[in-house]
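Quick note: the sequence shown, position 57, residue 57 per the UniProt record's numbering, numbers continuous. One structure is given below, encoded as structure tokens.
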Amino acid sequence: MLTMDAQKQFRRNVGLFATGVAVISCVDPDVDCTDFGYTVHGATVNSFTSVSVKPPTVMVSLMAGRAHRFITGAGHFGASVLAHDQEHVSNNFAGKPADVPPRFTVRDRVPTLEHCLAWFECEVIQRFEVHDHTVFVARVLTCGSNDGSPLMFFGSRYHQPQIKHVG
1 MLTMDAQKQF
11 RRNVGLFATG
21 VAVISCVDPD
31 VDCTDFGYTV
41 HGATVNSFTS
51 VSVKPPTVMV
61 SLMAGRAHRF
71 ITGAGHFGAS
81 VLAHDQEHVS
91 NNFAGKPADV
101 PPRFTVRDRV
111 PTLEHCLAWF
121 ECEVIQRFEV
131 HDHTVFVARV
141 LTCGSNDGSP
151 LMFFGSRYHQ
161 PQIKHVG
């Protein structure tokens, strides 16, 4: 087991790995209070990543909570990669509710965020426990993207990258 100082160092070190920011979305079909006929839950993550291109497969790591419970029950989730101007959306699903709730849309089966940089509708094919998290491996059913640049997380802060187009 790491000492407290070693845990702080570990957290600092992993914070030096720049990541994108995504919102994992799922539904609570038992609560009818939105335009969709159910409640949409979301969780901000930076642990969303691709696993394989053939077939398209992604993974996400989640702690126990509502999103974890609903994804486990339904076997589906949406993933929305946030654009550079969506820090408020990230904060909303990280426990700091926005004045105006972010809007979702259902493109095929699962709600994903409107105006995100990229979106994925996913079906869980495998899950396994790792300490206090569950890793969900999922097949991508459909996906799409919009123009823009990503919201990044580095050094425990949000960043908006300067994109240089080569061409």
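Idealized CB from N, CA, C, for every residue including glycine.
Requested in this report: Could you please give the first and the last residue of the uninterrupted alpha helix (DSSP H) stretch that includes aspartate 5?
Outcome: 4 to 15
Requested in this report: Would you kindly work out how many angstroms separate the C-alpha atoms of glutamate 87 and isoleucine 125, rounded to a whole number?
Outcome: Using only the alpha carbons, I get a separation of about 30 Å.
Query raised in the report: Among Thr44, Ser156, Gly20 and Met4, which one has its Cα closest to the Cα of histidine 84?
Result: Gly20
**Report entry** Beta-carbon proximity check, leucine 62 vs cysteine 116, cutoff 8 Å
**Finding:** no
Query - Limits of the unbroken alpha helix (DSSP H) element including arginine 107 - result: No alpha helix (DSSP H) holds arginine 107; DSSP gives it neither H nor E.
Report task. Tell me whether asparagine 46 is buried or exposed, calling it buried when 16 or more other Cβ atoms sit within 10 Å of its Cβ. Result -> In summary, asparagine 46 is buried, with 16 or more beta-carbon neighbours lying within 10 Å of its beta-carbon over all protein chains present.
Query - Straight-line gap, arginine 11 to valine 23 (C-alpha atoms, nearest Å) - result: Spanning the alpha carbons of arginine 11 and valine 23 requires a straight line of approximately 21 Å.
Query raised in the report: Are there 16 or more other CB atoms within 10 angstroms of the CB of histidine 41, so buried, or fewer, so exposed?
Result: Buried, since its Cβ has 16 or more Cβ neighbours within 10 Å.
Query raised in the report: Can you name the start and end residues of the beta strand (DSSP E) that histidine 133 belongs to?
Result: Element bounds for histidine 133: 133 to 145.
**Report entry** Start-end ranges of the alpha helix (DSSP H) lying completely within the segment 34 to 75, minimum 4 residues
**Finding:** 66 to 74
Requested in this report: Assess, as a yes-or-no matter, whether the segment 135 to 155 is touched by the segment 103 to 120 under the definition of 3 or more beta carbon pairs within less than 8 Å.
Outcome: Because the criterion of three Cβ pairs below 8 Å is met, the segment 103 to 120 and the segment 135 to 155 touch.
Query raised in the report: So does the segment 50 to 66 actually touch the segment 99 to 118, counting three or more Cβ pairs closer than 8 Å?
Result: No, they do not touch.
**Report entry** Collapsed DSSP secondary structure at histidine 84 in the structure displayed
**Finding:** Note: histidine 84 maps to coil in three-state DSSP.
Query raised in the report: Is DSSP giving valine 21 helix, strand or coil here?
Result: coil
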